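Q: Those protein sequence lines, which keep their order, are chains P and F.
1 is the number of the first residue of the first sequence in full-length UniProt numbering; add one for each residue after it.
1 is the number of the first residue of the second sequence in full-length UniProt numbering; add one for each residue after it.
2 protein chains.
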Amino acid sequence: MFEKFPEPSDPPKFQALQPDDLVTRIADQVVRAIGDGRLRPGEKVAEAKLARELGTSRAPAREALRLLESQGLIVSHPRRGFFVHAYDSKEMHDIYDLRECLEIHAARLALKRMTDADLARLEAQIETLHRLGRAGAAQEQVVEDYAFHRMLCELGGNGQILRIFDQLATQLRAGIAIVGRLYDDPAKIAATHDPLIAAIRARDGDRLEAELREHLEDAREHVVALYLAASVA
Amino acid sequence: MFEKFPEPSDPPKFQALQPDDLVTRIADQVVRAIGDGRLRPGEKVAEAKLARELGTSRAPAREALRLLESQGLIVSHPRRGFFVHAYDSKEMHDIYDLRECLEIHAARLALKRMTDADLARLEAQIETLHRLGRAGAAQEQVVEDYAFHRMLCELGGNGQILRIFDQLATQLRAGIAIVGRLYDDPAKIAATHDPLIAAIRARDGDRLEAELREHLEDAREHVVALYLAASVA
DNA sequence: AAAAAAGAAACTGTCGACAGTTGATTTGTC
DNA sequence: GACAAATCAACTGTCGACAGTTTCTTTTTT
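#1: Between the segment 69–84 of chain P and the segment 193–206 of chain P, can you find at least three pairs of beta-carbon atoms closer than 8 Å?
#2: Closer than 7 Å by beta-carbon distance: list the chain F residues that pair up with Asp94(P), in chain order.
#3: For the candidate residues Leu208(P), Val143(P), Arg25(P), whose alpha-carbon lies nearest to that of Thr56(P)?
#4: If you count every other CB in all the chains shown that lies within 10 Å of the CB of Gly136(F), and 16 or more means buried, which is it?
#5: Give the secondary structure of Glu3(F) by DSSP, where H, G and I count as helix, E and B as strand, and everything else as coil.
#6: Go to Ser70(F), then tell me how far its alpha helix (DSSP H) extends in each direction, as first and last residue.
#7: Taking the alpha-carbon positions, what's the Leu54(P) to Arg134(P) distance?
#8: Assign Glu3(P) to buried or exposed, taking buried as 16 or more other Cβ atoms, counted over all protein chains shown, within 10 Å of its Cβ.
#9: Can you tell me whether DSSP reads Gly81(P) as helix, strand or coil?
#10: Can you tell me which residues form a DSSP beta bridge with Val75(F)?
#11: Nearest by alpha-carbon distance to Lys112(F): which of Leu152(F), Glu144(F), Ile189(F) is it?
#12: So if DSSP puts Val45(P) in a beta bridge, which residue, or which two residues, is it bridged to?
#13: Grab me the residues of Thr128(F)'s own chain with a C-beta within less than 6 Å of its C-beta, minus the 5 sequence neighbours each way, in chain order.
#14: Return the Cβ separation of Glu103(P) and Leu216(P) in integer angstroms, given the expectation that the two are a contact with Cβ distance under 8 Å.
#15: Could you tell me whether the Cβ atoms of Val223(P) and Leu172(P) are closer together than 8 Å?
#16: Please compile the residues from chain F whose C-beta is within a distance smaller than 8 Å of the C-beta of Arg220(P).
#17: Less than 8 Å between the C-beta atoms of Ile200(P) and Leu109(P), yes or no?
#18: Any idea what DSSP makes of Leu228(P), helix, strand or coil?
#19: Using the three-state DSSP reduction, which class does Met92(P) fall into: helix, strand or coil?
#20: Taking the C-alpha atoms as reference points, what is the distance between Glu47(P) and Arg62(P)?
#21: If you follow the alpha helix (DSSP H) that Asp194(P) is part of, which residue opens it and which one closes it?
#22: How about Gln29(P) and Ile95(F): do their beta carbons lie closer than 8 Å?
#23: Could you tell me the alpha carbon to alpha carbon distance between Ala107(P) and Tyr146(P), rounded to whole angstroms?
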């Protein structure tokens with residue numbers, strides 16, 4: 001009946017998906033693609049092509065890209081399209097700088113509001129981290145690591161801070177995914193959280209701040225270095 | 001030729017605009033409408049109606065609403081539409097809490113990086129504030145007040161912080177517009193910035209932090225009270 | 001007269017289309 | 001052989017349409 005269109009020159013980077021909740025799922029696909037390197041920093045993400053590969057129309061694809069843009073992971077140039085944000089070293093440091101500022105603030109708030117049940121949840125989360133560490137499940141560990149920090153922000157009780165934290169997390173997810181593949185010693189990662197939980201248990205704000213600052217500085221070094229390495233590679 | 005459609009029950013809240021850069025301008029119209037009370041907190045903003053009133057298609061209207069959603073000014077419920085975010089007292093405090101945290105951090109960074117030219121720009125801005133205060137131009141003063149604080153964040157040099165500041169500003173703009181109409185003494189507003197600029201001139205981070213904290217606490221009280229009053233009225 | 005059911009209006013999610021742009025490719029010129 | 005002009009494919013911004021839902025209104029029932 002119809003002639004097939006000529007094969008696109010590059011192989012498709014995405015596979016099709018069903019409707020409803022399209023936007024979220026498209027966005028997720030894109031984040032994933034960035035995280036595992038199918039899309040590299042600076043690369044163009046044409047909404048037309050994206051939609052075609054996913055088997056949807058352009059509307060939800062565009063919306064998904066705008067969503068990621070609002071989180072900083074994608075940048076757009078009018079009439080020119082969307083591109084994977086190519087963070088430079090300065091920007092990565094900015095993100096961590098902001099995160100440190102936010103997370104420390106939230107953590108202090110959390111200390112004041114925390115119930116014993118909350119504390120137990122945090123401890124359980126750290127335990128999970130250790131378990132995954134022993135199992136060498138680096139990929140899952142990254143997810144649970146993130147969940148721990150998010151929990152801390154959530155316990156702070158400030159919805160706006162949580163909102164921003166999630167934005168930052170999306171931006172970091174690309175880098176984090178890379179880090180997940182490259183982390184040498186998962187057991188060590190888990191251990192770096194022990195001082196945090198100790199400070200929390202002691203309900204010592206100043207100590208928690210200091211530990212958190214150090215913890216995040218380490219993460220910053222790690223992620224920045226690896227992200228930049230991946231950008232160049 | 002064609003029968004006109006029956007008049008919409010409520011009078012239109014927007015007037016038409018020309019294409020190109022549509023999204024930004026639609027978003028701006030909506031923010032304005034919220035700011036001056038044509039749209040009240042909690043009210044529905046149907047993309048279909050919005051588009052009709054502005055004489056555009058639904059695509060850019062929807063995109064504008066999503067933009068505002070990403071900044072927190074609009075909330076959406078799937079298949080149900082967009083609504084003006086009806087902040088409660090807790091949320092307003094959260095916003096200011098976050099702002100305080102961010103702006104103080106940025107201001108400290110700014111102190112370290114500031115050149116004499118930067119300082120002069122800040123001083124000029126404060127001078128403008130005083131001038132508008134003497135002229136009793138409350139509305140313009142609000143704009144310049146905001147510009148001063150944004151400048152401070154910008155001088156901090158962290159692009160991410162500036163990005164978030166702008167998001168917060170959009171959320172506050174509704175409240176700020178109301179405040180602009182209700183501020184009793186514009187001259188006083190200008191004066192509250194003098195301690196800030198003094199601390200900046202002295203390049204005293206701790207002092208600036210203290211002054212800024214107090215300054216923002218005042219603003220918080222003011223805005224929260226007036227926003228809530230306007231929500232109920 | 002209040003509650004439930006049925007019907008109508010309006011709106012959202014998604015789609016495909018078209019005009020005008022942009023970036024890449026080819027052709028033509030010095 | 002390098003460079004400018006012309007050509008072309010692909011893409012963006014915007015639009016109108018349709019199907020399925022939600023919301024409002026009217027009608028029916030108890």
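Every residue gets a Cβ at the ideal spot worked out from N, C-alpha and C, and that includes glycine.
Here the structure is a predicted model, which means the values were calculated and not measured.
A: Once the coordinates are examined:
#1: no
#2: Asn158, Gly159, Gln160
#3: Arg25(P)
#4: exposed
#5: Its pLDDT being 30, under 50, Glu3(F) is placed unreliably by the model, and the measurement read from it follows with that caveat. Three-state result, Glu3(F): coil.
#6: 58–70
#7: 38 Å
#8: For Glu3(P), the predicted structure reports a pLDDT of 30, less than 50, and the residue's modelled location is therefore unreliable. The matter cannot be settled from this model.
#9: strand
#10: Phe83(F)
#11: Leu152(F)
#12: Phe82(P)
#13: Glu144
#14: 7 Å
#15: yes
#16: Neighbours of Arg220(P) on chain F: none; closest Cβ ~13 Å, over 8 Å.
#17: no
#18: helix
#19: helix
#20: 6 Å
#21: 194–201
#22: no
#23: 14 Å
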